[in-house]
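In my numbering, the protein residues as written are 201 to 589.
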Amino acid sequence: MTTRKPLDRYRRIVIKIGSALLVDRKTGLRKAWLDAMCADIAALKAKGADVLVVSSGAIALGRSVLDLPSGALKLEESQAAAAVGQISLARAWSESLSRDEIVAGQILLTLGDTEERRRYLNARATINQLLKIGAVPIINENDTVATSEIRYGDNDRLAARVATMTGADLLILLSDIDGLYTAPPHLDPDARFLETIAEITPEIEAMAGGAASELSRGGMRTKIDAGKIATTSGCAMIIASGKTDSPLSAMANGARSSWFAPSGTPVTARKTWIAGQLQPAGELHIDDGAVTALGAGKSLLPAGVRKVIGLFSRGDTVAIIGPSGREIARGLAGYDADEARQIVGRKSAEIEAILGYAGRAAMIHRDDMVMTSQVNPKSERQKKDASYA
Ligand code: GLU
Numbered sequence: 201m202t203t204r205k206p207l208d209r210y211r212r213i214v215i216k217i218g219s220a221l222l223v224d225r226k227t228g229l230r231k232a233w234l235d236a237m238c239a240d241i242a243a244l245k246a247k248g249a250d251v252l253v254v255s256s257g258a259i260a261l262g263r264s265v266l267d268l269p270s271g272a273l274k275l276e277e278s279q280a281a282a283a284v285g286q287i288s289l290a291r292a293w294s295e296s297l298s299r300d301e302i303v304a305g306q307i308l309l310t311l312g313d314t315e316e317r318r319r320y321l322n323a324r325a326t327i328n329q330l331l332k333i334g335a336v337p338i339i340n341e342n343d344t345v346a347t348s349e350i351r352y353g354d355n356d357r358l359a360a361r362v363a364t365m366t367g368a369d370l371l372i373l374l375s376d377i378d379g380l381y382t383a384p385p386h387l388d389p390d391a392r393f394l395e396t397i398a399e400i401t402p403e404i405e406a407m408a409g410g411a412a413s414e415l416s417r418g419g420m421r422t423k424i425d426a427g428k429i430a431t432t433s434g435c436a437m438i439i440a441s442g443k444t445d446s447p448l449s450a451m452a453n454g455a456r457s458s459w460f461a462p463s464g465t466p467v468t469a470r471k472t473w474i475a476g477q478l479q480p481a482g483e484l485h486i487d488d489g490a491v492t493a494l495g496a497g498k499s500l501l502p503a504g505v506r507k508v509i510g511l512f513s514r515g516d517t518v519a520i521i522g523p524s525g526r527e528i529a530r531g532l533a534g535y536d537a538d539e540a541r542q543i544v545g546r547k548s549a550e551i552e553a554i555l556g557y558a559g560r561a562a563m564i565h566r567d568d569m570v571m572t573s574q575v576n577p578k579s580e581r582q583k584k585d586a587s588y589a
């Protein structure tokens with residue numbers, strides 16, 4: 201099992217913040233808490249980590265701005281509350297982070313954006329670009345359009361999907377619970393706190409009650425679900441209390457929290473997923489130069505592709521076939537099949553002139569590719585020559 205590392209040793213951290221931490225039912229936004237949180241985020245970034253925030257609180261804040269009575273909201277009421285609250289929430293994050301000269305970028309996702317591969321790739325590209333320019337993505341579900349059948353509903357699982365989507369190595373769920381207990385601690389005096397969870401077994405799942413407070417939707421149940429999503433794709437998860445100011449500093453200073461061990465590395469898990477696709481939707485036949493490039497860990501550029509077979513959409517898995525006819529790798533297509541056909545053999549710089557828009561330089565990016573057989577360009581050539589003899 202991988203062991204727990206200090207927070208500043210993780211390189212990409214997703215922090216999920218529950219509504220109750222950010223919003224007080226009577227007084228609205230908890231500005232001092234947010235400022236302290238942003239200072240902790242700035243410290244992590246100063247150590248070189250990428251930080252992403254999944255912030256709840258839109259509905260709670262909208263409720264407080266609109267002075268809505270307590271109790272359950274109808275769908276259209278919570279959608280309207282989210283619309284009002286999200287604007288304040290995003291502004292609050294942006295202002296608070298700017299105190300440390302950090303730029304915030306707002307991303308609102310719906311379930312389809314993470315579950316449909318095409319949209320998933322688009323959302324991921326935007327988030328990655330934000331990270332590349334040093335910004336902190338502030339992410340929430342787009343509650344204004346999400347309806348009950350097609351929504352996450354809780355930000356625990358959304359945060360886990362964001363973590364797997366971006367190859368994060370740590371997901372921190374901050375709420376009013378400091379971790380996982382063997383039983384609900386307010387009901388059972390013998391409940392034991394669990395500091396390390398090596399694996400989410402059925403026993404661990406059984407320990408998660410259903411509790412959720414009025415302000416937040418997720419209880420321990422959704423946190424364990426989030427843990428399953430995160431850890432199976434190689435991302436560690438921490439459940440910690442955010443009740444005090446500066447919970448991340450508190451954790452570094454020894455405040456207790458529950459740590460869920462990752463079951464692999466993000467890259468391995470992601471590539472396993474690509475390699476594990478049962479039926480590639482198409483084939484890209486490549487030349488010797490591209491075989492060598494792939495063997496050296498490079499992306500597949502259109503220039504090295506000779507032929508495109510099949511009907512596939514961007515994001516579908518395709519097989520990469522060497523000159524000898526052998527499958528060399530698999531990857532997620534960066535282009536639809538008809539676009540791929542148009543740019544076959546062409547330089548990446550020509551893509552815009554051919555397709556009418558500046559697409560991606562790679563036909564398959566190396567992050568989206570997994571080698572499925574050992575590459576030896578020389579033997580590839582020999583086999584090809586033999587087959588022509
Ligand atoms: N997306 C909801 C909001 O911003 C919160 C969901 C949750 O509490 O997990 O209000």
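By construction, the Cβ of each residue, glycine as well, lies at the ideal position given by its N, Cα and C atoms.
Under 8 Å by Cβ, that's how I've got residue i and residue j pegged, so tell me the actual separation to the nearest angstrom.
i	j	result
Met-437	Leu-373	7 Å
Arg-514	Arg-318	6 Å
Gly-531	Val-570	7 Å
Ile-241	Gly-442	Not confirmed; about 13 Å, so no contact.
Gly-379	Ser-458	3 Å
Glu-277	Leu-268	7 Å
Leu-511	Ala-537	5 Å
Leu-500	Leu-494	6 Å
Leu-222	Ser-255	7 Å
Decide if residue i is buried, meaning its Cβ has at least 16 other Cβ atoms within 10 Å, or exposed.
i	result
Ser-298	exposed
Glu-414	Note that Glu-414 has pLDDT 37, beneath the 50 cutoff, so the model's placement of it is unreliable and no number is given.
Gly-549	In the sequence as displayed, the identity of residue 549 is Ala instead of Gly. Result: exposed.
Pro-206	exposed
Thr-203	exposed
Asp-390	exposed
Glu-341	buried
Tyr-210	buried
Val-345	exposed
Ser-219	buried
Pro-402	exposed
Lys-423	buried
Ile-543	buried
Asp-516	buried
Leu-286	The sequence given here has Gln at residue 286, not Leu. Per the 10 Å Cβ criterion, buried.
Arg-225	exposed
Tyr-557	exposed
Asn-355	buried
Ala-321	One point to set straight first is that residue 321 is Leu, not Ala, in the sequence displayed. Label assigned to Leu-321: buried.
Arg-456	exposed
Asp-343	buried
Val-284	buried
Val-253	buried
Ala-496	exposed
Ser-573	exposed
Val-214	buried
Would you say the beta carbon of residue i comes nearer than 7 Å to a heavy atom of the ligand GLU?
i	result
Gly-454	no
Ala-282	yes
Ala-260	yes
Asp-356	yes
Ser-441	no
Ser-256	yes
Leu-218	Reading the sequence as shown, one finds Gly at residue 218 and not Leu. Under cutoff, so the answer is yes.
Asp-343	yes
Asn-340	yes
Identify the residues that DSSP records as bridge partners of residue i: which are they?
i	result
Gly-497	Bridge partners of Gly-497: none, in fact.
Ala-304	Val-336
Ser-592	Outside the displayed range of the chain (201 to 589) lies residue 592, so it cannot be described from this structure.
Ala-519	Glu-483, Arg-530
Val-214	Leu-252, Leu-371
Leu-229	Val-223
Leu-164	Given that the chain is displayed from residue 201 to residue 589, the structure contains no residue 164 and the question cannot be resolved.
Tyr-381	Phe-393
Gly-510	Gly-482
Ile-564	Leu-500
Val-505	Ile-486
Val-570	Arg-530
With distance defined between alpha-carbon atoms, name the residue in the options nearest to residue i.
i	options	result
Arg-357	Asp-378, Arg-392, Gly-419, Gly-379	Gly-419
Val-362	Thr-202, Ser-375, Leu-309, Leu-275	Leu-309
Thr-366	Leu-532, Glu-395, Leu-331, Leu-380	Leu-331
Glu-539	Ala-346, Leu-380, Met-563	Met-563
Thr-396	Leu-244, Asp-388, Thr-382, Ala-292	Thr-382
Ile-377	Ala-368, Phe-393, Ala-430	Phe-393
Ala-481	Ala-519, Asn-322, Leu-311, Ala-232	Ala-519
Arg-351	Pro-385, Thr-314, Asp-567	Thr-314
Asp-487	Pro-447, Ile-528, Ala-232	Ile-528
Val-491	Ser-524, Gly-262, Ala-461, Leu-448	Ser-524
Thr-347	Asp-567, Gly-228, Ala-280, Asp-208	Ala-280
Val-251	Ser-446, Pro-337, Ile-509, Pro-462	Pro-337
Pro-385	Gln-306, Glu-399, Ala-408	Ala-408
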